[in-house]
Amino acid sequence: MAHYETTVVTPLSPDEAFERLADISRFVEWDPGVVSARQVEGTGPGPDSAYVLSVKGFAGKDLDLRYEVTEFKSPSLVHLVAESKLLRSDDVITIVPSGEGSAVTYAADLDLTGPGGMLKVVDPLLGAAFNKIGDRAAAGLRTFLEAAPADA
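Throughout, my numbering is defined as the position within the sequence shown, counted from one, plus 1440.
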């Protein structure tokens, strides 16, 4: 299993940061690994919502992952999980007050499954690749959270 975690301190209040991140379809705005995102269940962000994210895959082929929101506590927590025949992604966004703004922590665990667990043999290589992907997403997240609110 590969793990990536980053914390971004932002001038946005916890409510503002949560509003930006709770709508998973907005991941395409900050994560360069997400090619497209659309909501497929629910109406807007919430505990019963699900999204399909098309992510850059291996060998130039994009992979569609269905993420289900499993926990949703405004303005502090969004937990989403995607499972496919090849992998399981478990992502947690937590938001806490920090000074005049907030601190956003994005943690993700990626586990290769595959038929009969065959992909477990490449797990050691997964961590390095996942860190590169995570670093690019963290840079995008930092920019996304530093931008002034739309109504400012």
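Every residue, glycine too, gets a C-beta built ideally from N, C-alpha and C. Predicted, not measured: the structure shown is a model, and the values here were computed from it.
For the beta strand (DSSP E) holding A1477, just list the boundary residues, first then last.
Run containing A1477: 1474-1481, per the beta strand (DSSP E) assignment.
So if DSSP puts L1527 in a beta bridge, which residue, or which two residues, is it bridged to?
Answer is L1552.
For R1506 and F1570, the rounded distance between their alpha carbons:
When rounded, the distance between both Cα atoms is 19 angstroms.
Express the C-alpha separation of D1455 and V1518 in angstroms, rounding to a whole number.
The alpha-carbon atoms of V1518 and D1455 are separated by roughly 13 angstroms.
DSSP-derived helix/strand/coil call for K1496:
In the structure shown, K1496 sits in coil (DSSP, three-state: anything other than H, G, I, E or B).
Cβ-based neighbour list, T1451, same chain, cut-off 8 angstroms, excluding 5 preceding and 5 following
Per the sequence shown, the amino acid found at residue 1451 is Pro instead of Thr. Setting aside the 5 residues that flank it on each side, P1451 is surrounded in the same chain by E1540, G1541, E1586, each with a C-beta closer than 8 angstroms to its C-beta; the list follows chain order.
Should V1448 be labelled buried (16 or more other beta-carbon atoms within 10 Å of its own) or exposed?
Its Cβ being crowded by 16 or more others within 10 Å, V1448 is buried.
So, using beta-carbon positions, are V1532 and A1543 closer together than 9 angstroms?
Not in contact: V1532 and A1543 (Cβ atoms no closer than 9 angstroms).
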